[in-house]
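These notes are about the structure you will find just below.
Protein chains in written order, with my numbering: chain A, 20 to 372; chain B, 3 to 253.
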C-alpha cells in the first residue's frame with residue numbers, strides 16, 4: 020500500500036529523518052528575543068518531529084489520487100496549497116498542545132513564548148508538506164518508470180518467444196520422416212532420385228538453418244528455401260503437386276523476416292495438396308505496390324477432407340510474427356473459396372540491410 | 003492360421019511409400035499383396051471387394067483418414083498403421099490397431115508387425131463406433147458420420163443429420179430425406195456427437211435439436227417431436243426432461 024509502510028528499511032529511514040527535524044525545531048525555538056528554555060524547546064521539538072512523521076504520511080495518498088502528469092496545474096496548486104496550509108496549522112497546534120502540558124500555572128511565560136514562534140512553525144509545517152509531496156511524486160515517478168521498464172522487458176520477451184515458437188514450428192518433423200521414407204523407398208527402385216532427394220533435403224536444412232540468426236533476408240532467398248521444400252514434396256506427391264510462380268523482380272529483392280512464408284507453404288501442402296486425390300496447383304506470387312510488398316500463397320483443398328490437426332496454427336504463428344515486427348503496418352488476409360485457399364501478406368517494402 | 007497365405011492391402015497416398023511397402027513385402031513367404039490404394043475411399047472399397055486379412059494403413063490421407071477407414075473395415079480385418087506421425091499412436095491402440103509402424107522403418111519392423119497381425123487374425127475388433135469415439139481427440143465431437151454401403155462410402159456431415167433411430171443392432175440415419183444403415187448402437191452414436199446439438203429424446207431416437215419444430219402432447223404423458231420435414235418422433239418422459247434442460251439453457 021503505502022511505500023513507506025510497506026518496507027521496513029524505508030520506514031526506518033523516514034523515522035530517522037525526524038531527528039534532524041527535531042534539532043531544527045529546537046534551534047528555532049531557542050533563538051531570538053522570545054527564546055524558550057532548552058528543556059521546554061527539546062520537549063516541544065520532539066513532539067513536533069513525531070507529529071510530522073505521522074502528519075506527512077497521508078500526503079502520499081493525495082499524490083496518488085492527483086498524479087503529477089495527469090492533473091491540471093491549477094488543481095495541483097489548490098490541493099497542495101490547501102494541504103500545506105492545513106498541515107502547517109495543525110502542526111503548530113500540536114506544538115501549542117505540547118507547550119500547554121508544560122504550563123506550570125498562571126504567570127508561566129511559556130505559552131506566550133511559544134505563541135511568538137507559531138507563524139514560523141506554520142510556515143515550516145507547510146514547507147514540510149510541500150517537500151513531502153515533492154518527495155512522494157518522485158517516488159511515484161520512479162515506480163512508474165520501473166513498471167514501464169518491466170513491461171517493456173516482458174513485451175520483448177513475449178515477442179522473442181513468439182518468434183522462437185514460429186521458427187520452431189517451421190520444419191515439421193513429419194516432413195523429414197516422410198522424406199526419409201521416400202528416400203528409403205527410392206534407394207532400391209531409383210538410386211539417382213534417392214540421391215537427388217538427399218541433396219535437396221540437405222539444401223533445405225542448410226538454407227533454413229543459415230536463416231536462423233538473421234533478422235531479415237531477401238525474398239528471393241526465402242523463395243529458394245520454399246522451392247527446395249516443394250521439390251522434395253514433389254518427389255513424394257508426384258504429379259499431384261504442380262507449382263506456379265508469379266514473382267516480380269522488384270518484389271524478390273525486398274527484405275522479409277526469414278522463414279516467413281515457409282509455414283504457409285507447408286500448410287498449402289499438408290492442408291491443401293495432400294487432401295486432394297488429384298492434387299492441384301500451388302501458386303506463389305509476389306509484387307510491390309505503393310511501397311508495400313504483397314505475397315500470396317494459394318492452394319486447392321478438398322472441402323470434404325477430414326480436418327487434420329494443427330489447422331490454423333501456422334497462420335496464427337505468422338500473424339504473431341508480423342504483429343511483433345511490423346505492428347499495424349503489416350496485414351495478413353486468408354481467403355477461402357469453395358475449394359481454394361489463399362493467404363495474402365502485406366508488409367512495408369524494406370531493402371535488405 | 004500360421005503357414006496360410008496372408009492377403010495384404012496397401013493404403014498410402016504417396017507413391018514412393020506404397021512402393022517401399024511393396025518392395026519389402028515382395029518375397030516374404032505366405033504374404034500376398036492383393037491391392038494398393040491411394041486414398042481412404044479407395045481403401046474401403048477395395049477392402050470390401052478383396053477382403054484382405056491385413057490392411058497396412060497410412061493415417062493422413064485424402065477423403066477419409068486412416069481412423070475413418072478403420073471404422074468402416076470388417077472388424078475381422080487386422081489393421082497396421084504405417085505413418086510418420088507418432089502423435090496418433092495412443093489413439094491407434096485405443097481403436098485396436100494391431101501395430102503402429104513409424105516411417106521410415108526397417109524391413110524387420112514391418113515383418114514384426116505382420117507377425118503380430120498373423121497372431122491376431124480372426125479376432126474381432128470391438129464395435130466400430132466405439133472405436134470411432136476412441137479415435138477422436140479429447141473434447142472434440144465428430145463433425146461427420148461415415149457409413150459404408152457395400153463398397154460405397156457415405157459421409158454425412160453432422161449438420162445434415164436430422165435424426166437417428168435404433169434398430170436391432172444397427173442405427174438408421176436420416177439425412178435430407180435419405181436413410182442410411184450403420185452397424186452401431188444408438189448410444190455410441192450419441193456419445194460421438196455433440197450433446198448440445200443432438201438429444202436422445204427417446205430410448206430409440208436421437209434428434210438434431212434444431213430440426214425440432216414443435217413438441218406436441220400426443221396422449222396423457224406421451225409427447226411427439228415434430229421435425230422440420232413433418233416427421234413425428236416419440237419423446238419419452240426422460241427425453242422431454244432433457245429437451246427442456248437444453249432449451250432452457252439455450253435461453
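No residue lacks a Cβ here, since even glycine has one placed at the ideal position from N, Cα and C.
Near residue 38(A), which residues of its chain fall below 8 Å by C-beta distance, leaving aside the five closest residues on each side in sequence?
68
If you pair each beta-carbon of the stretch 57-71 of chain B with each one of the stretch 13-29 of chain B, do three or more pairs fall below 8 Å?
yes
Can you name the residues of chain B whose CB is closer than 7 Å to the CB of residue 357(A)?
In chain order: nothing, as chain B lies at least about 15 Å away.
Beta strand (DSSP E) containing residue 101(B): first to last residue?
101-104
Where does residue 126(B) sit, in a helix, a strand or coil, going by DSSP?
coil
At which residue ranges does the stretch 232-292 of chain A contain complete alpha helix (DSSP H) runs of 4 or more residues, listed in the order of the chain?
238-256, 268-271 and 281-286
Nearest neighbour of residue 306(A), chosen from 89(A), 170(A) and 316(A) [CA to CA]
316(A)
Taking residue 218(B) as the reference, which of 106(B), 54(B), 210(B) and 233(B) has the closest Cα?
233(B)
Considering only residues of the same chain and omitting the five flanking positions on each side of residue 241(B), which have a CB-CB separation below 6 Å?
203 and 204
Residue 253(B) versus residue 216(B) - alpha carbon distance
With a pLDDT of only 42 at residue 253(B), under 50, the local geometry of the prediction cannot be trusted, and the value read off the model is given with reservation. Rounded to whole angstroms, residue 253(B) to residue 216(B) spans 16 Å at the Cα level.
Run through the DSSP bridge pairs and tell me what residue 214(B) is partnered with.
229(B)
Quick one: using the 10 Å Cβ neighbour count with 16 as the cut-off for buried, is residue 223(A) buried or exposed?
buried
Use the C-beta contact count for residue 321(A): other C-beta atoms within 10 angstroms, 16 or more gives buried, fewer gives exposed.
buried
Residue 199(A) versus chain B: which residues are under 7 Å apart at the beta carbon?
106
With a CB to CB cut of under 7 Å and the five nearest residues on each side skipped, what residues in its chain are close to residue 98(A)?
81 and 85
For residue 3(B), decide whether its Cβ has a neighbour in chain A, counting only Cβ atoms nearer than 9 Å.
Bear in mind that the predicted position of residue 3(B) carries a pLDDT of just 47, short of 50, making it unreliable; the figure below should be weighed with that in mind. For residue 3(B), the answer is no, since every Cβ of chain A falls outside 9 Å of its Cβ.
Do we get a CB-CB distance below 9 Å when we pair residue 114(B) with the residues of chain A?
no
Would you decide whether residue 186(B) is buried or exposed? Buried here means 16 or more other CB atoms lie within 10 Å of its CB.
buried
Chain A contact residues for residue 67(B), given Cβ-Cβ distances below 7 Å
325
Roughly how many angstroms separate the alpha carbons of residue 118(A) and residue 52(A), rounded to a whole number?
18 Å
Can you give the beta carbon distance from residue 111(A) to residue 146(A), rounded, assuming they're within the 8 Å contact cut?
Their Cβ separation, rounded to whole angstroms, is 12 Å, which puts residue 111(A) and residue 146(A) out of contact at 8 Å.
For residue 154(B), decide whether its Cβ has a neighbour in chain E, counting only Cβ atoms nearer than 9 Å.
Reference to chain E is not applicable here, since the protein chains of this structure are A and B.
Keeping to the same chain, check which residues put their C-beta closer than 6 Å to that of residue 304(A); ignore five residues upstream and five downstream.
265 and 315
Helix, strand or coil, according to DSSP, for residue 199(B) in the structure here?
coil
In the DSSP assignment, what are the bridge partners of residue 318(A)?
360(A)
Measure from the alpha carbon of residue 63(A) to the alpha carbon of each residue in 83(A), 148(A) and 40(A), then state which is nearest.
40(A)
DSSP beta-bridge partners of residue 84(B):
103(B)
Just grab the DSSP bridge partners of residue 12(B) for me.
38(B) and 58(B)
Inter-stretch contact at 8 Å, needing at least 3 Cβ pairs: the stretch 189-199 of chain A / the stretch 80-97 of chain B:
yes
For a test of the three-state rule: what should DSSP assign to residue 30(B), helix, strand or coil?
coil
Determine the closest residue to residue 150(B) out of 194(B), 102(B), 226(B) and 175(B), with distance taken between C-alpha atoms.
175(B)
With a threshold of 9 Å between beta-carbons, can residue 217(A) be considered close to chain B, or not?
no
I need the DSSP call for residue 116(B), collapsed to helix, strand or coil.
helix
Would you please verify whether the beta carbon of residue 87(B) is less than 9 Å from any beta carbon of chain A?
yes
Selection of the stretch 287-298 of chain A by Cβ proximity to chain B, strictly under 8 Å:
289, 293, 294, 295 and 296
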